[in-house]
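S.K.:
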Amino acid sequence: MNKDQVKGRVEEATGKVKEIAGKVVGNKDLEREGVVQGLGGKAQAAVGDLKADIKKIVEDK
1 MNKDQVKGRV EEATGKVKEI AGKVVGNKDL EREGVVQGLG GKAQAAVGDL
51 KADIKKIVED K
């Protein structure tokens with residue numbers, strides 16, 4: 001795994017925790033912050049996945 005994949009997945013998990021915590025305590029701002037952070041993490045992980053795929057293709061040639 002590359003650093004984008006790791007950081008992205010950590011951000012996804014952190015966002016999910018914030019989202020759930022916001023729901024539990026009734027804090028809509030925290031819940032929204034968690035959703036946004038999770039989406040950002042998902043995007044970063046996708047970039048990392050793409051980089052890994054490209055690297056694998058280049059190495060196979």
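FYI, in UniProt numbering the residues of the sequence shown are 1 to 61. Quick reminder that beta carbons are idealized off the backbone N, C-alpha and C, glycines included.
1. Evaluate Glu19 with the Cβ neighbour count: other Cβ atoms within 10 Å of its Cβ, from every protein chain shown; 16 or more gives buried, anything less gives exposed.
2. Straight-line CA distance for Val36 to Gly15?
3. Roughly how many angstroms separate the alpha carbons of Glu11 and Glu31, rounded to a whole number?
4. Go through its chain and collect everything with a Cβ distance to Gly8's Cβ below 6 angstroms, but skip five positions before and after it.
5. Excluding the 5 residues flanking Ala52 on each side, which residues of the same chain have their C-beta closer than 8 angstroms to its C-beta?
M.R.: Taking the definition as stated:
1. Sequence index remark: in the sequence shown, residue 19 carries index 19 (1-based). The residue is buried, with at least 16 neighbouring Cβ atoms inside 10 Å.
2. For the purposes of this step, residue 36 is identified with residue 36 of the sequence shown, where counting begins at 1. For the purposes of this step, residue 15 is identified with residue 15 of the sequence shown, where counting begins at 1. Going by the C-alpha atoms only, they are around 7 angstroms apart.
3. Numbered from its first residue, the sequence shown carries residue 11 at position 11. Numbered from its first residue, the sequence shown carries residue 31 at position 31. The alpha-carbon separation between Glu11 and Glu31 amounts to approximately 14 angstroms.
4. If you number the sequence shown from 1, residue 8 lands on position 8. Correct list, in chain order: Gly41, Gln44, Ala45, Gly48.
5. On the sequence shown, position 52 is the one that residue 52 refers to. The residues are Met1, Asn2, Gln5.
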